[in-house]
Amino acid sequence: MVREQYVNTTQDSSVPAPVPDSIYKIGIYGWRKRCLYLFVLLLIIILTVNFALTIWILRVMWFNTEGMGHLKVTSDGVRLEDGESEFLFPLYAQEIHSREDSSLLVNSSENVTLNARNENNDVTGSLSVGPDVAQGNAQNFIISSNTKTLFSADDKEVVVGTDKLRVTGLEGALFEHSVETPLLKAEPFKDLRLESPTRSLSMDAPKGVFVKALAGNIEAASNMDFLLHSSEGLVILDAETVRLPNLPLGQGGVSGNAQVLYEVCVCPSGKLFLSKAGVTSTCSESQEC
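For the sequence shown, our numbering begins at 134 and goes up steadily by one.
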């Protein structure tokens, strides 16, 4: 460091003040001055670039007094006039409407999930549509058209409110338990089949079961027994011809009768069989029961 020497003299003293050993100049000189100018120039360049980028962003995003580009801010909410919008984070909205002349389209590379929450921010209902499965979670699921309920499902039952339920699969409809319906009807020019491959098939009704074929036959096939039971009424076979082709034939009758006649016999168990007719009934002589 440079040391300065000062001599205090009085006004009346005639001794001249000594000259200091070194003289300092006030200011920034040399490489410090050049560094300062370079820093100021760099700061001006950065400010200019930032200003240019700000102007460029405003032009690209189409900022204006009404909003940003096609996105208009109105008293009713935010309106997207044209184009597509992309949301990188959750979107909270009370209502989302499309334009009157276009549909509302929601796209996602993974899945689309819609959640409904209550006052405590708990999820009360959700709908998730993924690439492989669509899953809904709610207490009640209802599909309606205007004021008519087409389909509803809850923990207790599933209701189909349409006038006709159509199952187009090749295997038909599979029910693991009972089915309650007032009418089973096939499509025009197609057969109606009720089949139980490994178990029994039962049709019960408190006031009767009505089976009708308008332009065809009614066939009932069973590997074991086929039962027609009426607890308080009759079983009536009303037709022009009633045939029992596999009914066993009875033996016996009156010898010498050229005309072979048979009579239908009924066992106490309800079994029917044929017996060769005679002068009197031959059912008791047969051992078919």
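The beta-carbon is built from N, C-alpha and C at its ideal position, and this holds for glycine as well. Quick caveat, the model's predicted, so the values are computed rather than measured.
* Find out if the Cβ-Cβ distance for the pair S261, Q268 is shorter than 9 Å. => The residue you call residue 261 lines up with position 128 of the sequence shown. The residue you call residue 268 lines up with position 135 of the sequence shown. Result yes, Cβ atoms of S261 and Q268 sit closer than 9 Å.
* Classify Y162 as helix, strand or coil using the three-state DSSP reduction. => The residue given as residue 162 occupies position 29 in the sequence shown. Y162 falls in the coil class under three-state DSSP.
* Please work out which residues of its chain come closer than 7 Å, Cβ to Cβ, to L327, disregarding the five sequence neighbours upstream and downstream, and give them in chain order. => Position 194 of the sequence shown, counting from 1, holds the residue named residue 327. These residues qualify, in order along the chain: L334.
* Asked: Would DSSP call T301 helix, strand or coil?
  -> Residue 301 sits at position 168 when you count from the first residue of the sequence shown. T301: coil per DSSP, three-state reduction.
* To do: Using only alpha-carbon positions, find the residue among D288, R250, E243 that is nearest to V266.
  => Position 133 of the sequence shown, counted from the first residue, corresponds to residue 266. When each option's Cα is compared against that of V266, the closest is E243.
* Measuring CA to CA, which of A346, E290, K281, S218 is closest to H203? -> Residue 203 sits at position 70 when you count from the first residue of the sequence shown. Selected option, being the one with the closest Cα: S218.
* Determine the burial state of T415: buried for a count of at least 16 other Cβ atoms within 10 Å of its Cβ, exposed for fewer. => For the purposes of this step, residue 415 is taken as the residue at position 282 of the sequence shown. Buried.
* To do: Answer yes or no: do G210 and E228 have a C-beta to C-beta separation smaller than 9 Å?
  => If you number the sequence shown from 1, residue 210 lands on position 77. If you number the sequence shown from 1, residue 228 lands on position 95. Yes, the Cβ-Cβ distance between G210 and E228 is below 9 Å.
* Asked: Which full runs of the beta strand (DSSP E) of 3+ residues lie inside the segment 187-275, going along the chain?
  -> 204-207, 210-213, 245-250, 256-262, 267-270
* If we ignore side chains and look at the alpha-carbon of each, how far apart do L347 and V245 end up? -> Reading the sequence shown from its first residue, position 214 is the one you call residue 347. Reading the sequence shown from its first residue, position 112 is the one you call residue 245. Their backbone Cα atoms lie some 50 Å apart in a straight line.
* **Inter-residue spacing [alpha-carbon to alpha-carbon] between V293 and G349** => Indexing the sequence shown from 1 puts residue 293 at position 160. Indexing the sequence shown from 1 puts residue 349 at position 216. Roughly 30 Å separates the two Cα atoms.
* Asked: Residue range of the beta strand (DSSP E) that V368 falls in?
  -> Your numbering for residue 368 matches position 235 in the sequence shown. Per DSSP, V368 belongs to no beta strand (DSSP E) and is neither H nor E.
* Asked: How close, in whole Å, do the beta carbons of I351 and V344 come, if the pair is a contact with beta carbons under 8 Å?
  -> The residue labelled residue 351 in the question sits at position 218 within the sequence shown. The residue labelled residue 344 in the question sits at position 211 within the sequence shown. Confirmed, Cβ separation roughly 6 Å.
* Asked: In whole angstroms, what separates the C-alpha of A391 from that of A410?
  -> Within the sequence shown, numbered from 1, the residue matching residue 391 stands at position 258. Within the sequence shown, numbered from 1, the residue matching residue 410 stands at position 277. Confidence is the limiting factor: at A391 the pLDDT is only 49, short of 50, which leaves the residue's position unreliable and the question unanswerable from this model.
* **I275 to V291 span [Cα, whole Å]** => Stepping through the sequence shown from its first residue, residue 275 is reached at position 142. Stepping through the sequence shown from its first residue, residue 291 is reached at position 158. Distance between the alpha carbons of I275 and V291 is about 10 Å.
* **Nearest-angstrom Cβ-Cβ length linking T295 and L307, presumed shorter than 8 Å** => If you number the sequence shown from 1, residue 295 lands on position 162. If you number the sequence shown from 1, residue 307 lands on position 174. About 20 Å separates the two Cβ atoms, so there is no contact after all.
* Asked: Which residues in the same chain as S241 place their Cβ atom closer than 6 Å to its Cβ, once the five residues preceding and following it in sequence are excluded?
  -> Residue 241 sits at position 108 when you count from the first residue of the sequence shown. The answer is none, since no qualifying residue turns up.
* To do: Given a cut-off of 9 Å, decide if L407 and V399 are closer than it, judged by their beta-carbon atoms.
  => Within the sequence shown, numbered from 1, the residue matching residue 399 stands at position 266. Within the sequence shown, numbered from 1, the residue matching residue 407 stands at position 274. No, Cβ-Cβ distance for V399 and L407 is not below 9 Å.
* **Beta-carbon spacing of V239, N248 below 9 Å** => Position 106 of the sequence shown, counted from the start, is the residue given in the question as residue 239. Position 115 of the sequence shown, counted from the start, is the residue given in the question as residue 248. No, the pair does not count as a contact, with Cβ atoms beyond the cut-off.
* Starting from K281 and walking both ways along the beta strand (DSSP E), at which residues does that stretch end? -> Position 148 of the sequence shown, counting from 1, holds the residue named residue 281. Per DSSP, K281 belongs to the beta strand (DSSP E) from 281-286.
* Nearest CA to the CA of A226: which residue from R250, L405, V368, L180? -> Taking the first residue of the sequence shown as 1, we reach residue 226 at position 93. The residue with the shortest Cα to Cα distance from A226 is R250.
* Asked: What are the boundary residues of the beta strand (DSSP E) that V292 is part of?
  -> Looking up residue 292 in the sequence shown gives position 159. Start and end: 291-293.
* To do: Could you give the DSSP three-state label for C168: helix, strand or coil?
  => Here residue 168 refers to the residue found at position 35 when the sequence shown is read from its first residue. The answer is helix: DSSP assigns C168 an H, G or I state.
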